[in-house]
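Protein chains in written order, with our numbering: chain A, 1 to 686; chain B, 687 to 809.
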Amino acid sequence: MILQDLSIKRKLTLITMLTSSLALVLFSASFLIYDLVSFRHLLSQDLMTQAEIIGYNSAGAMEFKDEPAATATLSALTAKEDIVTAVLYKPDGKIFAYYFRGNASLPSYLPSHLKENGYRFEGGYLEVFHDVTLNGEHLGTLFLQSDMRQWSQRARRYANILIVFVLVSGLFAFFVSSKLQGFISRPILHLEDTMRMVSVNKNYGVRAVKTYGDEIGRLIDGFNTMLAEIQQRDTVLQSTNGELKTRTQELEEEIFHRKQTQEELLNAKHAAEEANRAKSTFLANMSHELRTPLNAIIGYSEMLEEETRDSGKVENVQDLKKIQAAGKHLLALINDVLDLSKIEAGKMGLHLETFDVAQVIDEMVTTLQPAAKKNANSIRVHVDENVSVMRADITKVRQILFNLLSNACKFTDHGIISLNVGQIKVEGKNWIQFQVSDTGIGISAKQKENLFQEFAQADASIARKYGGTGLGLAITHRFVQLMKGKITVESEAGQGATFTVQLPAQVTFETADSTPSEETNVVSNNLPETKTDLETILVIDDDPSVRDLMSRFLTKLNFHVVAATNGEEGLRLARKIRPLLITLDVVMPECDGWTVLNRLKNDPKLAEIPVIMVTVVDNEARGLDLGASNYLIKPVQRDRLAVLVEKHRVARSSTITDTNSAPLYVGDGQPVRETTGTRVSRIRRN
Amino acid sequence: MPKILLVEDNEMNRDMLSRRLQRKGYSVVTAEDGEKGLSLARSEMPDLILMDISLPVMGGWEVTRHLKADDATRHIPIIALTAHAWVTDREKAIEAGCDDYDTKPVEFVRLSEKIENLLTVKK
């Protein structure tokens, strides 16, 4: 409302003015009403007296029915300005004589019947009825009517005076209140000004001036106290702000310095990585340079040994064998150094595949029999029934077991070497545990300290007596770490030793050690769980003899073989293991080879897996049409299959690793000697 | 008597390998670089070729490719000898059409097995 939004000044003035005017009006009105009421009473008494006088005077005329005399008496009323009508009624109610002011005829209005003695107000007129009597005899009734002219005039006059008076006094009240409202409004306005100044200029040093000790004065006091507090806080805030600014600046400088340091560190890291790469290249080249003469040394000594044996000079054979042994030892050393340098450079990748643990153990024991017999040891193997398959880097698992077992053979004489394999559960995950125990010379507490360190054979005399590079356990340790496993040893000098290796039953790239090299990180990031297994071939055939033959042959070529007995199982396994390639029979019950091929090639995840048809059905065109890579007719020519498989391996490994392979290095992370493709080369650690 | 062509630039290795192969009863022809190897393969028509991959003048894989592209020599089995274990060398050799490969230093027993295998298949 507009009234509510008026300034305090206006409101105060208005309130004062209204109040005083209202009081004045009320007072004047009550005074006026009192005056008018008493004046009217006075008028009625006066009219009654007139009626009495006129009644008395006209009694005689009424008695003698002298109408002119009565009319004359009534005419005397002319002197009375306010009497408009005077009528004498006979007792029967008929008019006897009358008087009207202004005209001689009867007025339109006359009382319809006679009323009691006394006065009454009717229709703005004052009327009086008076009985005319003579000596107690009722002669008639007198009626007088007054228009109260005097009273109306008086009322009008008074009203005018009142209006003028109220106006004048209102004006006066306005002036007075305009002057006086300042007492209240001025401090408030001042407070408002001060407030505005503070908020506009943000100057908390300003204070409002207190004029009076009233509520406004206290308000100003409170306001000032508040300002003081704000000012204080502002000061504190500003100083804190200043500190903050300084601190921020310091921090920025620090960040700048750190960035610089970081850059320097990064440069240093790059330099170090460069140096490391150079070292790796050097090592790789050196190993090549060392191998060439070694090649000649080992080759010529082998040749000489054969020739010497043929010519019967047996006494020289032993010496030649020693040269060969030294050469082979040197070769093993070079290989181990190369392995270690690869691990250190983070180039030792993992090639995960699913394999049968028992099968690996069997091969291992067969391979190690000669080494065991050398010191007249016997090997005892126990594989728990609950151990079946594991997913890990088979080559590294082999090398771990080979190192531990050949060490056991080496340091035990006429004793027992036992290998126990079991499955254990730790924190809800399955682990495969390999335990290699011997009854050999054992390891002392001091020797244990740096058992897994490079070039730390128990002591020099042992190196002389037993040979070895001193790198076997270090490499074993690193391989176990690479697969996120654990290796521990329990032993006392002279009491034999027990090495325990625990590996996750399912090694994944996530759980596997992420090596510091950037390239390797990229590799592990880019390879999902379902990475193509470059060493596994899926054989789909319903004929058990074909499955067996294929498995044997492909295993010989160093592939891991998974077999499926029907089409559905084949498709399921293909999705699960994503093999390097699939060999597929055509004639199978239920889901035939054509259907399987069609489904394989229509699955975007599987379409890239090459399929070699191996069948008696001679329909190469159809096979190739459906997307098969090659078509072999049973009985299969093994060499043809071997060439095809190898070609696919090369093609697939290059397409899969092209984007992230380390070009300089020994490449796909496989130990050097794996590339020969046979296991014979691994028996070099003896 | 099967004839083997040995293409190898290192004199000692060439000498040693050829002598050991001869002792095994093979007749051996040698070449010390790729170009000579290629011309000898064409003129001698050996039963098998042992091919060092890192050769001067013309690389072993290139020689192999020429031989495998030629109808006259395509049938000759070739064993690549990858001097160092560079995977790329091995891949190149297989790609070029080598039938087998081995890593140096050569384990003679193993190599003879491979030679024997390929010669048997050929028959």
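Note that beta-carbon positions come from the ideal geometry of N, C-alpha and C, so glycine has one too.
Please return the same chain residues whose Cβ sits closer than 7 Å to the Cβ of residue i, not counting the five positions on each side in sequence.
i	result
A/Asp438	Ala408, Phe411, Thr412, Gly415, Ile417, Gly496 and Ala497
B/Thr759	Ala727, Arg728 and Leu753
A/Ile230	Tyr204
A/Arg207	Asn224 and Leu227
B/Asp695	Glu718, Asp719, Asp738, Leu741 and Pro742
A/Leu12	Ser177, Gln181, Ile184 and Ser185
A/Val198	Tyr204, Val206 and Leu227
Can the beta-carbon of residue i be found closer than 8 Å to that of residue j?
i	j	result
A/Ala51	A/Ala61	no
A/Val489	A/Lys448	yes
A/Leu503	A/Ile432	yes
A/Asn377	A/Thr476	no
A/Leu473	A/Leu340	no
A/Thr615	A/Lys601	no
A/Gly442	A/Gly494	yes
A/Thr583	A/Phe559	no
A/Leu331	A/Leu294	yes
A/Phe697	A/Leu191	With chain A represented from 1 up to 686, any question about residue 697 of chain A goes unanswered, as that position is not in the structure.
A/Arg154	A/Phe31	no
A/Ala296	B/Asn699	yes
A/Val546	A/Leu554	no
A/Met613	A/Val586	yes
A/Lys328	A/Glu305	no
B/Leu804	B/Leu734	yes
A/Gly570	A/Glu590	no
When you compare only the Cα positions, how much space is there between residue i and residue j?
i	j	result
A/Thr141	A/Ser58	11 Å
A/Gly623	A/Asn630	8 Å
A/Ala662	A/Glu274	Per-residue confidence for A/Ala662 stands at a pLDDT of 32, beneath the threshold of 50, marking its modelled position as unreliable; no derived number is given.
B/Thr768	B/Cys784	11 Å
B/Ile764	B/Ile739	11 Å
A/Asp592	A/Thr565	11 Å
A/Ile255	A/Leu237	25 Å
A/Asp658	A/Val645	Reliability of the predicted coordinates at A/Asp658 is poor, the pLDDT of 42 falling under 50, and no value is obtained from them.
A/Leu42	A/Ser7	52 Å
A/Ala358	A/Val387	8 Å
A/Val480	A/Lys605	32 Å
A/Leu581	A/Ser551	13 Å
A/Lys90	A/His130	12 Å
A/Gln260	A/Gly242	27 Å
A/Arg156	A/Ile163	11 Å
B/Phe794	A/Asn316	21 Å
Hey, does residue i have any beta-carbon neighbour from chain A nearer than 8 Å?
i	result
B/Arg706	yes
B/Arg698	One detail in the question is off: residue 698 of chain B reads as Met in this sequence, not Arg. Cβ-Cβ to chain A under 8 Å: yes for B/Met698.
B/Pro688	no
B/Ser693	Note on identity: in this sequence residue 693 of chain B is Val, with Ser being the wrong assignment. No, no contact with chain A.
B/Glu748	no
B/Glu802	no
B/Pro742	no
B/Met702	yes
B/Arg760	no
B/Arg709	yes
B/Asp785	yes
Does the beta carbon of residue i come closer than 8 Å to any beta carbon on chain B?
i	result
A/Thr292	yes
A/Gly299	yes
A/Met483	no
A/Leu527	Unreliable placement is indicated for A/Leu527, whose pLDDT of 33 sits below 50; no coordinate value is reported for it.
A/Glu519	Confidence at A/Glu519 is low in this model, with a pLDDT of 31, below 50, so the placement of that residue should be treated as unreliable; the coordinate-derived value is given next. Chain B contact via Cβ: absent.
A/Val522	With a pLDDT of only 31 at A/Val522, under 50, the local geometry of the prediction cannot be trusted, and the value read off the model is given with reservation. False, the Cβ-Cβ gap to chain B never drops below 8 Å.
A/Leu331	yes
A/Met303	yes
A/Ala325	no
Using a Cβ-Cβ cutoff of less than 6 Å, which residues in the same chain neighbour residue i once the five nearest sequence positions on both sides are dropped?
i	result
A/Ile343	Arg478
A/Val365	Ile379 and Val381
B/Thr716	Leu692, Arg700 and Ser704
Give a yes or no on whether 8 Å exceeds the smallest Cβ distance from residue i to chain D.
i	result
B/Val714	No chain D is part of this structure, whose protein chains are labelled A and B.
Leaving out the 5 sequence neighbours to the left and right, which residues in its chain are closer than 8 Å to residue i when beta-carbon positions are compared?
i	result
B/Gly720	Val693, Leu741, Pro742, Val743, Met744, Gly745, Gly746, Glu748 and Val749
A/Gly217	Pro187, Lys210 and Thr211
A/Arg640	Leu632
| message | Using a Cβ-Cβ cutoff of 7 Å, what residues of the stretch 620-644 of chain A are near chain B? List them in chain order. | response | Asp639 and Val643
- Taking a Cβ distance cut-off of 7 Å, strictly less, list which residues of the stretch 371-386 of chain A are near chain B, in chain order. none
Output, in sequence order along the chain, the residues in the stretch 562-588 of chain A whose CB is closer than 8 Å to any CB in chain B. none
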